[in-house]
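Chemist: Numbering (the numbering used here), first residue to last: 1 to 657.
Glycine included, every Cβ here is placed at the ideal spot set by N, Cα and C.
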Amino acid sequence: MSHVCVSIKRLGISIAAGLCIGVFGAELGNPVSDPVRVKSASDEARLAMKGFSLPDGYQVELTAAEPHLANPVAFHIDERGRFFVVETFRHGQGVLDIRGRRGWPNQDFIDSLTEERLETLSDELLDADLSSRTVDDRIAMLRYYMGDKAERELASETDQVRLVEDRDGDGVADHSSIFADGFNQIADGLASGVLARSGKVYFTNIPDLWLLEDEDGDGIAEKRESLHYGFGVRVGFLGHDLHGLKIGPDGKLYFSIGDRGSHVKTKDGRVVGMADTGTVFRCNLDGSDLEVFAYGLRNPQELAFDAYGNLFTGDNNSDGGDQARWVYVVEGGDSGWRIGYQFLNKPVPRGPWNAEKLWHPQWEGQAAYLVPPIANIGNGPSGLTYHPGTGFSDALKDHFFLVDFKGSPANSGIHTIKMRPKGATFEIAKLDSIIWNVLATDADFGVDGGLYLTDWVEGWAVTGKGRIYRILEEEVTDADLVTETKALLADGMTNRSSRALAKLLEHPDMRVRQEAQFELANRGASSIEHFEGVLKYGDSLFAKLHAIWGLGQIIPAYSNAVEPVLDALFAVEDEVRGQAAKVVGNHRIESAFGRLAALCADDTSARVRFFAAKSLGKYGRRESIPPLVAMLEANNDEDPYLRHAGVMGLAGVQDFR
Numbered sequence: 001m002s003h004v005c006v007s008i009k010r011l012g013i014s015i016a017a018g019l020c021i022g023v024f025g026a027e028l029g030n031p032v033s034d035p036v037r038v039k040s041a042s043d044e045a046r047l048a049m050k051g052f053s054l055p056d057g058y059q060v061e062l063t064a065a066e067p068h069l070a071n072p073v074a075f076h077i078d079e080r081g082r083f084f085v086v087e088t089f090r091h092g093q094g095v096l097d098i099r100g101r102r103g104w105p106n107q108d109f110i111d112s113l114t115e116e117r118l119e120t121l122s123d124e125l126l127d128a129d130l131s132s133r134t135v136d137d138r139i140a141m142l143r144y145y146m147g148d149k150a151e152r153e154l155a156s157e158t159d160q161v162r163l164v165e166d167r168d169g170d171g172v173a174d175h176s177s178i179f180a181d182g183f184n185q186i187a188d189g190l191a192s193g194v195l196a197r198s199g200k201v202y203f204t205n206i207p208d209l210w211l212l213e214d215e216d217g218d219g220i221a222e223k224r225e226s227l228h229y230g231f232g233v234r235v236g237f238l239g240h241d242l243h244g245l246k247i248g249p250d251g252k253l254y255f256s257i258g259d260r261g262s263h264v265k266t267k268d269g270r271v272v273g274m275a276d277t278g279t280v281f282r283c284n285l286d287g288s289d290l291e292v293f294a295y296g297l298r299n300p301q302e303l304a305f306d307a308y309g310n311l312f313t314g315d316n317n318s319d320g321g322d323q324a325r326w327v328y329v330v331e332g333g334d335s336g337w338r339i340g341y342q343f344l345n346k347p348v349p350r351g352p353w354n355a356e357k358l359w360h361p362q363w364e365g366q367a368a369y370l371v372p373p374i375a376n377i378g379n380g381p382s383g384l385t386y387h388p389g390t391g392f393s394d395a396l397k398d399h400f401f402l403v404d405f406k407g408s409p410a411n412s413g414i415h416t417i418k419m420r421p422k423g424a425t426f427e428i429a430k431l432d433s434i435i436w437n438v439l440a441t442d443a444d445f446g447v448d449g450g451l452y453l454t455d456w457v458e459g460w461a462v463t464g465k466g467r468i469y470r471i472l473e474e475e476v477t478d479a480d481l482v483t484e485t486k487a488l489l490a491d492g493m494t495n496r497s498s499r500a501l502a503k504l505l506e507h508p509d510m511r512v513r514q515e516a517q518f519e520l521a522n523r524g525a526s527s528i529e530h531f532e533g534v535l536k537y538g539d540s541l542f543a544k545l546h547a548i549w550g551l552g553q554i555i556p557a558y559s560n561a562v563e564p565v566l567d568a569l570f571a572v573e574d575e576v577r578g579q580a581a582k583v584v585g586n587h588r589i590e591s592a593f594g595r596l597a598a599l600c601a602d603d604t605s606a607r608v609r610f611f612a613a614k615s616l617g618k619y620g621r622r623e624s625i626p627p628l629v630a631m632l633e634a635n636n637d638e639d640p641y642l643r644h645a646g647v648m649g650l651a652g653v654q655d656f657r
């Protein structure tokens, strides 16, 4: 038996012997003090601004700098304008990287090796890491090779969530505090994602998806609940973590993980995840109904929805001659990446990934099982956000803002991307940048209409520094609307009448529209007439889309919420028909089947055919086959997204047999 097999067998024995972390065994370490590792205040941040490059008509302001924050990986701004910043101190001091594996074993282990085994130790460690299927496997592997060094070196630092506030309203942060820390278990990190909404803070930190709550309003999270445990089954590459938190138009929580993999045992007894690739997940806000939404990604750092409910991400390249990808993320989509490709060097670096051009946008001869990226953009996709509709002029509306992190300010900044429909998918309509010469990690729009970004400052390693900058137009054209939006978000929706909420479904800011939709949906049966009224009598396309999504949220509890959505299947607007087709399919509404079949086979809109085909597959009925085949024949393999939807539809029929 090989040494590799011996080590893996020992890992199995360790797990059987009982590790301290079980299925729901997420643990918190002890808080770590916050001393000299954060740099003191200086003029560096303001001096750095002089080197930033912005388009004419825009300016940048400093909102916060060290010591108010340090080593910022990601952030989110809540409805009150407070910044929740994910800070890492475990980067290089607690979270390992497979590329540094020769340094893992402790000296006693090294001394015990034969000369032959020592020569192949690097391969053995790689095989052990790639063989890991669960987080517990990873922990056992590290303890086997590192011994007591694992506890000593991997639990010395904590990542944390910091709360940064501008309490006097002058646009500059004047207070910061640690909202949550103690994330310094062996398996923890890097912490990479946060989303704050209505007093609940979702926090992604391998191996857990956390829900944090500050119940007494003192700026510290007293309540901590691991909604799911099991992310990050291997060491893998540093930074291929759990991130991308977004609430979708369906009211579900979406998030992503890189190719460190996942194996999550849910509280209802299911196993969810994929060990050998990166994935996008979704679940309800309480963590229930976790599922893999899309997969085959390498490291999709962030996610963002556009105003029409389409999900996008930037996926990182493998440093093997390939390029980063701008991806339209669709349900069931496979983008083609597998972890093993990273370590293939002969005869072609990265194996099929390069040899078969799996990372290329659509081309003739491309593998048919994957959904290709829209374009190759950037080298280090990091943060991502979408213009909400207020704050900047019309020139940047309907744009995504993609952070490109390349290890130095000179090569880094934020791209702006505008899409336009192309069949069932999209193409780039415009590509530019909003800021350059800044080592940004994340970006988000504030309630005040400004675009905020976090600055890592320099290099790849932690520096104890960190900044938040705000980009704004020199002449704001919709100042009154910005003020109104800020007030609407701060005041919330709970005290507004249902009629007022229905009116807000057509508000120019998508955050306001979404919060109005969610509050209406929370009101259950009484909301149906208001959603239906928007669909029947409204003029706003966005209002109609939010009405469909809102009805989709309550259909499981109120069957009469279905009727307005059924009517929407006959709407004049393509987008309304498409979203209605998606909603009725998600809930397998039997009375919609015939109309879905007709839309799949004959609708003039490729997007409508796409959603109808996917929905047909969720019924598992053989009657789905003729319209699906008709759609695929008409497509003639020209649109890979229609091909994907048709195959998903046919696979769904098979799944139900």
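One question on the structure: do V658 and P72 come within less than 8 Å of each other, judged by their Cβ atoms?
Modeler: Any answer about residue 658 is impossible in this case: the structure gives the chain only from 1 up to 657.
Chemist: May I ask you to list the residues that DSSP assigns as paired with S256?
Modeler: H243, V280
Chemist: Would you mind stating whether A440 and I414 have Cβ atoms separated by less than 8 Å?
Modeler: yes
Chemist: Find the nearest neighbour of A543 within the set S559, V562, R511, G620, judged by alpha-carbon distance.
Modeler: R511
Chemist: Within 10 Å of its beta-carbon, does Q579 have 16 or more other beta-carbons around it, so buried, or fewer, so exposed?
Modeler: buried
Chemist: For S33, does the three-state DSSP call read helix, strand or coil?
Modeler: Any reading at S33 needs caution, since the residue's pLDDT is 41, under 50, leaving its predicted position unreliable; the model's value is listed next. It is coil, neither helix nor strand.
Chemist: Taking DSSP's pairing of strands, which residues face P421 in a bridge?
Modeler: In the DSSP output, where bridge partners are listed per residue, P421 has F426.
Chemist: Can you check which of these residues, C600, D78, T483, is closest to V629 by C-alpha distance?
Modeler: C600
Chemist: Should D110 go down as buried or exposed, given a rule of 16 or more other Cβ atoms within 10 Å for buried?
Modeler: One point to set straight first is that residue 110 is Ile, not Asp, in the sequence displayed. The residue in question, I110, is exposed, as its Cβ has fewer than 16 Cβ neighbours within 10 Å.
Chemist: To the nearest whole angstrom, what separates the beta carbons of R90 and T158, a pair I think is in contact under 8 Å?
Modeler: 7 Å
Chemist: Quick one: measure Cβ to Cβ for Q323 and G314, integer angstroms, because I've assumed they're closer than 8 Å.
Modeler: Q323 to G314, Cβ: 11 Å. No contact.
Chemist: Based on Cα-Cα distance, which residue from G258, D166, W549 lies nearest to N310?
Modeler: W549
Chemist: Compute the beta-carbon to beta-carbon distance between S624 and A597, rounded to the nearest angstrom, for a pair I have assumed lies under 8 Å.
Modeler: 7 Å
Chemist: For G273 and V264, what's the separation of their Cα atoms in angstroms?
Modeler: One C-alpha to the other measures close to 6 Å.
Chemist: Count the other CB atoms within 10 Å of the CB of F305; is the residue buried (16 or more) or exposed (fewer)?
Modeler: buried
Chemist: Determine the contact status of F695 and Y386, defining contact as a CB-CB distance below 8 Å.
Modeler: This structure cannot speak to residue 695, because the chain is shown only from 1 to 657.
Chemist: What are the start and end residues of the alpha helix (DSSP H) that includes T454?
Modeler: Counted as a single uninterrupted DSSP element, the stretch harbouring T454 is not any alpha helix (DSSP H) but the beta strand (DSSP E) occupying residues 451 to 455.
Chemist: Expressed to the nearest angstrom, what Euclidean distance is found between the alpha-carbon atoms of R621 and V653?
Modeler: 6 Å
Chemist: With respect to the alpha helix (DSSP H) encompassing N635, which residues constitute its N-terminal and C-terminal limits?
Modeler: Unbroken alpha helix (DSSP H) run through N635: 625 to 635.
Chemist: On the DSSP letters alone, give me the boundaries of the alpha helix (DSSP H) that R138 sits inside.
Modeler: Looking at the DSSP string, the run of the alpha helix (DSSP H) that includes R138 is 135 to 146.
Chemist: Excluding five sequence neighbours on each side, which residues of the same chain lie with their C-beta closer than 6 Å to the C-beta of V4?
Modeler: For V4, the predicted model reports a pLDDT of 36, less than 50, meaning its position is unreliable; a value from the coordinates is still stated below. The residues are E124, D127.
Chemist: Does DSSP classify L505 as helix, strand or coil?
Modeler: coil
Chemist: At what residues does the alpha helix (DSSP H) containing L489 begin and finish?
Modeler: 479 to 491
Chemist: Taking the DSSP output, what are the residues bridged to T204?
Modeler: G193, L209
Chemist: Check whether chain B comes within 8 Å of L238, counting only Cβ atoms and requiring the distance to be less than that.
Modeler: The structure shown contains no chain B; it holds only a single protein chain.
Chemist: Measuring straight from C-alpha to C-alpha, what distance separates D680 and L245?
Modeler: Examination of residue 680 is not possible in this model, given that the chain is present from 1 through 657 alone.
Chemist: Go through its chain and collect everything with a Cβ distance to E474's Cβ below 8 Å, but skip five positions before and after it.
Modeler: G57, Y58, Q59.
Chemist: Please state whether the Cβ-Cβ distance between T134 and V235 is less than 8 Å.
Modeler: Cβ atoms of T134 and V235: not closer than 8 Å.
Chemist: Which word fits A429, buried or exposed, when buried means at least 16 other C-beta atoms lie within 10 angstroms of its C-beta?
Modeler: exposed
Chemist: What are the complete alpha helix (DSSP H) segments, minimum 4 residues, inside the stretch 550 to 592?
Modeler: DSSP runs (the alpha helix (DSSP H)) wholly in the stretch 550 to 592: 562 to 568, 574 to 586.
Chemist: Tell me H228's beta-bridge partners as DSSP assigns them.
Modeler: L209
Chemist: Under a Cβ-count criterion, where at least 16 other Cβ atoms within 10 Å of its own Cβ denotes burial, should L569 be classed as buried or exposed?
Modeler: So L569 ends up on the buried side.
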